[in-house]
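*Asks:* Numbering (the working numbering), first residue to last: 1 to 110.
For glycine and all other residues, C-beta sits at the position ideal for the given N, C-alpha and C.
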Amino acid sequence: MPFAAACRKCKTYMIGRTKSDVASEIRRHFQSSHNQFPHPDPIYLDLGDFEPNAVYLVDESGNRYTFMSEIFCSKEYCLATISDKDFDTCALGARKQEALEPVLKKYFPP
């Protein structure tokens, strides 16, 4: 199951094929951009720490549907499961924030 994360300090988005992948991205981002480790450390989170999160998506035909995501938010970052389609869109495209934000922002609270 793919994951995405959003830094609540600077609105940077990150993706990973697994929770471990995105946890490493979060740690790397916090060390390089904020000179600190994220709290709590995402490596120690398990799915029991996540809550249900209904996300409304639109398919290629314009049909709206609900994707049942799981989300964890701290004061510093949010971490959520995302659809395979959205992960593929982000992973196959340019991994620039301008490309990630429109696809991923719907998974996270403002």
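Where does the unbroken beta strand (DSSP E) through A94 begin, and where does it stop?
*Replies:* Run containing A94: none; DSSP gives neither H nor E here.
*Asks:* Whose C-beta lies closer than 6 Å to the C-beta of P38 among residues of the same chain, with five residues either side of it excluded?
*Replies:* Here the set comprises I26, F30, E76 and Y77.
*Asks:* If we ignore side chains and look at the alpha-carbon of each, how far apart do I15 and P40 end up?
*Replies:* Distance between the alpha carbons of I15 and P40 is about 18 Å.
*Asks:* Return the first residue and the last residue of the beta strand (DSSP E) that S69 is part of.
*Replies:* Unbroken beta strand (DSSP E) run through S69: R64 to C73.
*Asks:* How big is the Cα-Cα spacing for N53 and R8?
*Replies:* The alpha-carbon atoms of N53 and R8 are separated by roughly 18 Å.
*Asks:* Under the DSSP definition of a beta bridge, which residues are partnered with T81?
*Replies:* In the DSSP output, where bridge partners are listed per residue, T81 has F3.
*Asks:* How would you call L79, buried or exposed, if buried means at least 16 neighbouring beta carbons within 10 angstroms?
*Replies:* When all chains shown are included, L79 counts as buried.
*Asks:* In whole angstroms, what separates the C-alpha of Y44 from that of N63?
*Replies:* Near 37 Å, if we compare the C-alpha coordinates of N63 and Y44.
*Asks:* Just to confirm the assignment, what range does the alpha helix (DSSP H) spanning E60 have?
*Replies:* Neither: E60 is in no alpha helix (DSSP H) and is coded neither H nor E.
*Asks:* Whole angstroms is fine: what's the gap from P2's alpha carbon to D21's?
*Replies:* So the alpha carbons of these two residues sit roughly 9 Å apart.
*Asks:* Considering only C-alpha positions, which residue in the set P109, T18 and C10 is nearest to A91?
*Replies:* Ranking the options by Cα distance to A91, first place goes to T18.
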